[in-house]
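Worksheet: one structure, shown below.
Structure follows, in structure tokens:
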């Protein structure tokens, strides 16, 4: 699908002209004060009236074009709290080039969910923490397994997305021989590996599944009966399973980041409730589950 041609808003052009004027002034003989005080640092190309969101068009439970993901709902909440009358999306499949073609191209001003520490964006403070999870039927003999080195997992058909931290642990514990791998890098407009994996689990084609917590919780609660989601917070060896999630903004947008940090701090309880509605397994700073 071709992306629609983007027309540069008037406020962006005005800001660019202002920056150009400052650059010319800095080049003049008497501009030393302007250089020392960092005059241009105050200009941030963030739309003051519309919350412009960078998102994947088909990546539930996070976002989609129909607005059914929890990041869509979070964007509406953020816009409301900031007094922005509307939310506008730039959709692009998440993968290679996502940040470059959206946030860095000034086509939008915020990515609603980004792992803390990723260098492609500037992170806000985290607004939730979750973990990769084991998903099993509630009546399964594996329903009380909490670690991937549990001997009861030996010989089981375990679904796992290739290239993720749980896949590394399965290899470490000799579980890949009977595992069923699902693709990591896919066009989300045509495929959803975690959805397919959970569907296979519900159909008894595999015995257990491993997935990132928000995806695990969302798809598990859609089954009848709902599947059991066990966050992998007890791993003592192997790759990291727990991650903090932030909002992503441009490195130049310092004031915008501070505004979002204030919003997160002041509305954390409401954000938690929203995420729990979508089945996201939330963890506190001690790695303990957050419930209602």
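Residue numbers (the numbering used here): 15 to 306.
Note that CB positions come from ideal geometry on N, CA and C, so glycine has one too.
This one's a predicted model, so the numbers in the text were calculated from it and none came from an experiment.
- The C-alpha of residue 158 is placed about 10 Å away from the C-alpha of residue 166.
- In terms of Cβ geometry, residue 244 and residue 148 form a close pair [threshold 8 Å].
- For residue 249, the closest of 74, 217, 184 by C-alpha to C-alpha distance is 184.
- Relative to the Cα of residue 197, the nearest Cα in the group 136, 173, 191 belongs to 173.
- The way I'd put it, the region 135–143 doesn't touch the region 98–106; fewer than three beta-carbon pairs between them come closer than 8 Å.
- Taking C-beta atoms as the reference points, residue 175 and residue 123 fail to come closer than 8 Å.
- Residue state for residue 262 is assigned as strand, using DSSP reduced to three classes.
- Cβ contact annotation for residue 220 (same chain, cutoff 7 Å, sequence separation greater than five): 171, 172, 173, 194, 214, in chain order.
- Going by DSSP, residue 213 is part of the alpha helix (DSSP H) stretching over 207–216.
- Counting along the chain, residue 151 sits inside no beta strand (DSSP E), nor does DSSP assign it H or E at all.
- Note that the region 284–291 does not touch the region 259–271; fewer than 3 beta-carbon pairs, one per stretch, sit closer than 8 Å.
- For residue 119, no alpha helix (DSSP H) encloses it, and the DSSP letter there is neither H nor E.
- Residue 182: member of the alpha helix (DSSP H) spanning 179–186, first to last residue.
- Annotation: residue 186 to residue 275 spans about 39 Å, alpha carbon to alpha carbon.
- If you draw a 10 Å sphere on the C-beta of residue 306, you find fewer than 16 other C-beta atoms in it, and that means exposed.
- For residue 178 against residue 146, the beta-carbon gap comes to about 7 Å, under 8 Å, which counts as contact.
- Residue 222 is not a Cβ neighbour of residue 294, given a cutoff of 8 Å.
- Going by DSSP, residue 105 is part of the beta strand (DSSP E) stretching over 100–105.
- With fewer than 16 other CB atoms across the displayed protein chains lying within 10 angstroms of its CB, residue 160 is exposed.
- Burial state of residue 231 is buried, judged by a 10 Å Cβ sphere holding 16 or more other Cβ atoms.
- Beta-bridge pairing by DSSP links residue 175 to 196.
- Burial is judged here by how many other beta carbons sit within 10 angstroms of a residue's own beta carbon; residue 168 has fewer than 16 and is exposed.
- In the three-state reduction of the DSSP assignment, residue 303 falls in the strand class, which pools E and B.
- Apart from the 5 residues on each side of it in sequence, residue 68 sits with its Cβ closer than 6 Å to the Cβ of 104, 116, 117, 122, 125 in its chain, given in chain order.
- Taking residue 258 as reference, the option from 298, 271, 279 with the minimal CA-CA separation is 298.
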